[in-house]
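Below is one structure, written out as C-alpha cells; the observations come after it.
Numbering (my numbering), first residue to last: 52 to 282.
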C-alpha cells in the first residue's frame with residue numbers, strides 16, 4: 052500500500068468509528084454463540100468463515116442454523132452431496148452450489164490428513180506452517196484462511212474477499228485492478244499487526260451496513276399518477 056492508501060484507510064476507519072464503537076465481534080463465537088458446528092474451535096471458525104465468504108452475516112448465520120438443525124455433526128455434513136448441502140444452506144445463499152462443493156472438499160481433505168475432523172494439530176505449528184497447511188487445502192479461500200489465523204490463532208492476517216475488496220477499491224484504499232491475493236497481501240503489509248483485528252472487524256461491520264443500506268427501499272415520491280395524467 053502507498054502512503055496515500057494508508058492515509059485513506061485510516062480516514063475510513065475514523066469515519067466508521069463515528070457510527071460503530073468497535074463492539075460486537077466478527078468471529079463464529081460472536082455471531083452464532085448458540086450454534087456450535089464443531090467442538091474444535093478452529094474448525095468451527097473455518098466452517099463459519101466458509102459460510103461468510105462472499106456472503107453476509109445474515110446469510111452465514113441462517114446457513115449455520117440450518118446445518119445445525121439438519122445434521123448431527125460435521126462428519127454427517129462431510130458425506131453429503133454438494134446438492135444436498137446447498138439445499139440445506141438455503142436457496143438464497145450466495146454462490147450456494149460452489150460454496151457447498153468447496154466446503155465438502157475442504158472438510159474431506161482435513162479428514163484425510165488428520166483421520167478426524169480437527170485442527171488441533173495447529174497448536175504444534177508455527178504461523179508459517181499453519182499458512183502452508185491452509186494454502187494447501189483445495190478449495191479453501193484465502194479469506195477463510197486469514198480469518199482462522201486472525202480470529203482463531205490471534206496472529207496477523209487480513210481477511211479479504213471480493214465483497215470487501217470491491218468496497219475498499221471504491222475508496223481507493225486498494226488497487227481495484229489487482230488480483231485479490233495481491234490486494235490481501237497489500238493490506239497485510241499496510242495494517243500493523245496490533246491493529247489488524249480491530250481494522251478488519253470495523254471494515255466487516257461497515258461492509259454489512261453498506262449491504263443493508265443498498266437494500267433499503269427507496270422512499271416514494273408521494274406523487275400519484277394515472278394513465279395520461281400526473282398530479
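We put the CB at the ideal spot given by N, CA and C, even for glycine.
Between the alpha carbons of residue 220 and residue 100, how many angstroms are there, rounded?
Their backbone Cα atoms lie some 22 Å apart in a straight line.
Using 9 Å as the threshold, is the C-beta distance between residue 151 and residue 168 below it?
no
For residue 129 versus residue 158, is the C-beta spacing smaller than 9 Å?
yes
Identify whether residue 254 lies in helix, strand or coil by the three-state DSSP scheme.
helix
Grab me the residues of residue 188's own chain with a C-beta within less than 6 Å of its C-beta, minus the 5 sequence neighbours each way, in chain order.
Residues of the same chain with a CB within less than 6 Å of the CB of residue 188, apart from the 5 flanking positions on each side, are 157, 160 in chain order.
Using only the alpha-carbon positions, how far apart do residue 249 and residue 194 sit?
16 Å
Beta-carbon proximity check, residue 257 vs residue 63, cutoff 9 Å:
yes
For residue 18 and residue 155, which I take to be in contact (beta-carbon distance under 8 Å), what is that distance rounded to the nearest angstrom?
Look at the range of the chain in this structure, 52 to 282, and you will see that residue 18 is not part of it.
In terms of residues, what are the limits of the alpha helix (DSSP H) holding residue 222?
Residue 222 -> no alpha helix (DSSP H), and no H or E assigned at all.
Alpha carbon to alpha carbon, what distance is there between residue 107 and residue 143?
11 Å
Would DSSP call residue 148 helix, strand or coil?
helix
Do you know offhand how far residue 227's Cα is from residue 243's?
22 Å
DSSP state of residue 59, grouped into three classes?
helix
Quick one: what does DSSP say residue 116 is sitting in, helix, strand or coil?
helix
Those runs of the alpha helix (DSSP H) which lie wholly inside the stretch 147–176 and span at least 4 residues:
147–165
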